[in-house]
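FYI, the numbering for the sequence shown is 0 to 519, going by numbering that gives the first Met the number 0.
Don't be surprised by glycine CBs; every beta carbon is placed ideally from N, CA and C.
These notes concern the structure reproduced below.
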Amino acid sequence: MTSISVRLASIALAVSALAISGRAAPAERPNILFIFADDHAYQAMSAYGSRINHTPNLDRLAREGMLFRNALVTNSICAPSRAVILTGKYSHLNGVLDNRLSFDGSQQTFPKLLQRVGYQTALIGKWHLKTDPTGFDHWEVLPGQGHYYNPDFRTANGPTHHEGYVTDVTTDLALEWLQDERDPSKPFMLMYQHKAPHRNWMPGPAHLTLYDGMEIPEPETLFDDYSNRASPARNQEMEIGRHMTLESDLKIIPEKGTRAYQQYMGSYGRLTPEQKRMWDAIYEPKNAAFKKANLQGRDLVRWKYQRYIKDYLRSVASLDDNVGRVLRWLDATGLADNTMVIYASDQGFYLGEHGWFDKRWMYEESLKTPLVVRWPGVVEPGSESGALVSNIDLPETLLEIAGAEVPGDMQGRSLIPILETGDAPPDWRRTFYYHYYEGHEGAPHAVARHYGVRTERHKLIHYYDADEWELFDLVNDPTEMHSRYGDPAYKEVQEELLEELKRLQTELKVPEKDPYQEAR
Ligand code: SGN
Ligand code: CA
């Protein structure tokens with residue numbers, strides 16, 4: 000077939016799929032712009048009611064689209080979350096159980112299926128799945144975690160290097176592709192994926208002094224003592240007080256010749272002399288004041304929290320600005336009307352809640368991720384959904400939008416009915432299965448492996464190595480400070496949840512033995 004007949008055939012296919020689903024066929028299939036952040040907590044997005052920052056451009060998407068209050072991830076860590084989105088399958092089926100494993104790019108992914116129905120696909124920015132991306136007509140990705148300043152990228156034609164701040168550079172590359180390189184005769188699907196605001200939270204030049212002279216409010220559980228929960232909550236290594244480093248995390252220059260100095264130079268050392276001058280002028284006086292104050296105990300934790308949260312929010316500010324640039328480009332080119340824009344993060348993040356940074360847990364802050372969808376003419380502007388939705392639902396949603404057939408082995412569900420009507424269909428999921436695997440010896444942050452079930456109101460968690468359980472009542476205890484597992488008052492709920500957990504594991508084909516061992 001010629002490319003024109005392929006296109007016509009694919010449009011016919013799309014139109015018939017839309018006709019089957021009972022919706023009017025739009026004149027053209029929409030473009031898809033998938034904007035993805037790394038470790039962006041919903042607590043740091045004003046559309047979600049942030050108490051600590053403003054994100055006007057992300058909020059604009061929420062004002063013009065739908066905001067999901069319960070967008071849950073199946074495995075709260077970077078590479079696994081990305082693999083779930085590409086495949087629509089839980090980690091035990093897509094093979095990426097943890098950050099150490101590589102993605103098998105020969106498997107079915109939604110970008111490949113979009114290509115088959117005539118979409119042009121591109122991926123720019125953070126990738127983190129080790130193997131070369133497949134299913135993309137164009138890709139330029141950060142190797143591994145990438146760098147904040149003067150980042151290197153990988154492409155199909157070898158490495159590239161770009162001077163500047165990674166969030167700006169990623170946006171420049173995305174806009175260049177949209178403007179000059181894509182094929183305007185085809186609908187596009189662009190995955191525009193940021194490194195920010197991932198650890199070590201290095202702000203960009205435009206936001207280095209944002210929040211100076213201000214105190215950011217502390218979360219109420221900053222000094223959690225981890226009582227009334229199972230032992231893993233106490234035994235992790237993700238406390239701001241005990242585990243966040245002054246050097247690479249908090250930009251206090253370590254002594255030369257130390258390991259900390261080497262680590263610090265891994266990021267700071269990449270700055271150009273000009274960038275270093277700008278950086279030093281801002282951090283050095285603050286660092287000197289910190290050293291002089293010789294803080295201890297809670298005062299030190301409070302200082303660390305302030306330095307952390309400000310750098311984190313500065314990194315978010317640049318993300319927000321750059322999303323604004325892309326939204327304005329869509330406006331200016333007239334593409335906004337026929338482009339679905341999705342904003343999400345790979346998981347949530349702790350901003351001092353429970354005294355923590357990082358993610359991984361089935362507790363709320365890491366289980367939930369921001370998710371906003373703008374789709375002009377379909378989604379009611381300013382609408383919200385509280386349905387239990389997930390990153391695993393995204394590929395099926397995008398396939399349906401493109402008029403592609405949804406393979407039966409995907410495990411999520413298309414969000415289209417919710418996007419169209421604002422309401423979840425009566426048979427929408429009321430329970431959600433979670434499974435975290437990265438609990439091996441020496442794993443970063445030492446969070447025990449666990450799985451569990453979340454309902455609208457309750458959450459049951461099993462830390463299966465130690466065989467400990469937790470049960471939370473999110474209405475009576477929204478900050479999850481008191482496990483009710485074994486509490487006679489929750490006997491019935493507990494039994495129901497245990498049963499539902501088993502049912503979900505069977506339905507989702509979770510192997511009885513943790514596939515983690517076999518994957519090594
Ligand atoms: C690195 C970070 C961890 C982080 C993981 C995973 N340490 O190991 O804090 O949890 O990445 O993050 S760092 O010293 O390298 O910053 S993820 O987003 O890629 O899953
Ligand atoms: Ca992440």
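Alpha carbon of residue i to alpha carbon of residue j, nearest angstrom
i: Q295; j: V388; result: 43 angstroms
i: E455; j: D426; result: 14 angstroms
i: S105; j: L397; result: 20 angstroms
i: D466; j: P394; result: 34 angstroms
i: K194; j: D167; result: 11 angstroms
i: L60; j: S230; result: 40 angstroms
i: V5; j: K458; result: With a pLDDT of 41 at V5, under the threshold of 50, the modelled position of this residue cannot be trusted; read the value that follows with caution. Between V5 and K458, the C-alpha separation is close to 48 angstroms.
i: K303; j: L245; result: 8 angstroms
i: A442; j: I281; result: 34 angstroms
i: A343; j: D171; result: 20 angstroms
i: A121; j: Q178; result: 13 angstroms
i: S101; j: K290; result: 42 angstroms
i: M277; j: E440; result: 40 angstroms
i: P272; j: D279; result: 10 angstroms
i: V531; j: R502; result: This structure cannot settle anything about residue 531, because the visible part of the chain is limited to 0 through 519.
i: K88; j: K508; result: 11 angstroms
i: G21; j: P375; result: Reliability of the predicted coordinates at G21 is poor, the pLDDT of 39 falling under 50, and no value is obtained from them.
i: S382; j: M409; result: 27 angstroms
i: P416; j: K367; result: 21 angstroms
i: E419; j: V378; result: 6 angstroms
i: M65; j: G421; result: 8 angstroms
i: T133; j: L85; result: 10 angstroms
i: E404; j: H39; result: 32 angstroms
i: Y450; j: E495; result: 16 angstroms
i: W138; j: W176; result: 10 angstroms
i: P487; j: D223; result: 25 angstroms
i: W468; j: T154; result: 45 angstroms
Per DSSP, cross-strand counterpart(s) of residue i
i: D472; result: H457
i: A343; result: F35 and L370
i: M188; result: I31 and T120
i: T338; result: N30
i: S384; result: F67
i: Y462; result: E467
i: S389; result: L71
i: W278; result: According to DSSP, which records beta bridges pairwise, W278 is partnered with nothing at all.
i: W355; result: E238
Same chain, Cβ closer than 6 angstroms to residue i, neighbours up to 5 away in sequence not counted
i: T159; result: F152
i: T220; result: E352, H353 and T478
i: D392; result: G411, R412 and L414
i: D319; result: T54, N56 and L57
i: P202; result: D310, R313 and S314
i: V83; result: T73, N390 and I391
i: M44; result: T54, L57 and P369
i: Y307; result: none
Residues near residue i in its chain [Cβ-Cβ closer than 8 angstroms; skip 5 each side]
i: H444; result: Q235, E236, M237, H242, D357 and R359
i: S266; result: H146, Y147, Y148, N199, M201 and S247
i: T520; result: Outside the shown range of the chain, which is 0 to 519, sits residue 520, and nothing can be said about it.
i: A70; result: A343, K367, T368, P369, L370, V388, S389 and N390
i: E214; result: Q305
Integer Cβ distance of residue i from residue j, believed to fall under 8 angstroms
i: G94; j: D103; result: 5 angstroms
i: E63; j: P380; result: 5 angstroms
i: Y210; j: L312; result: 6 angstroms
i: A78; j: L128; result: 6 angstroms
i: G347; j: E364; result: 5 angstroms
i: Y41; j: P514; result: Y41 to P514, Cβ: 30 angstroms. No contact.
i: L470; j: Y489; result: 6 angstroms
i: K125; j: D182; result: So it is not a contact: roughly 24 angstroms between Cβ atoms.
i: M361; j: Y435; result: 7 angstroms
i: I460; j: I31; result: Their Cβ separation, rounded to whole angstroms, is 34 angstroms, which puts I460 and I31 out of contact at 8 angstroms.
i: L112; j: W328; result: That belief does not hold up - the Cβ atoms of L112 and W328 are roughly 27 angstroms apart, past 8 angstroms.
i: G402; j: R28; result: 6 angstroms
i: Q192; j: F35; result: 4 angstroms
i: F33; j: Q119; result: Not confirmed; about 14 angstroms, so no contact.
Own chain partners of residue i with C-beta closer than 7 angstroms, once the 5 adjacent residues on each side are dropped
i: P150; result: L141, H161, V165 and V168
i: P218; result: L350, G351 and E352
i: Y263; result: E246, S247, I252 and P253
i: R233; result: Y225
i: G438; result: V446, A447, R448 and D464
i: Y47; result: Y41 and P369
Neighbour flag for residue i against chain B, beta carbons, 8 angstroms
i: N69; result: No chain B is present in this structure, which holds just one protein chain.
- List in chain order: all unbroken beta strand (DSSP E) runs of 3+ residues lying wholly within the segment 114 to 181. Whole beta strand (DSSP E) segments, 3+ residues: 119 to 124, 137 to 140, 151 to 154 and 157 to 160.
ask   = In the segment 418 to 451, which residue ranges form an unbroken beta strand (DSSP E) of at least 3 residues, counting only runs that do not cross its ends?
value = With a minimum length of 3 residues, the continuous beta strand (DSSP E) runs that stay inside the segment 418 to 451 are 430 to 435.
- prompt: At what residue ranges does the segment 191 to 253 contain a whole run of the alpha helix (DSSP H), taking only runs of 4 or more?
  reply: Listed in chain order, the alpha helix (DSSP H) runs fully inside the segment 191 to 253 are 231 to 234, counting runs of at least 4 residues.
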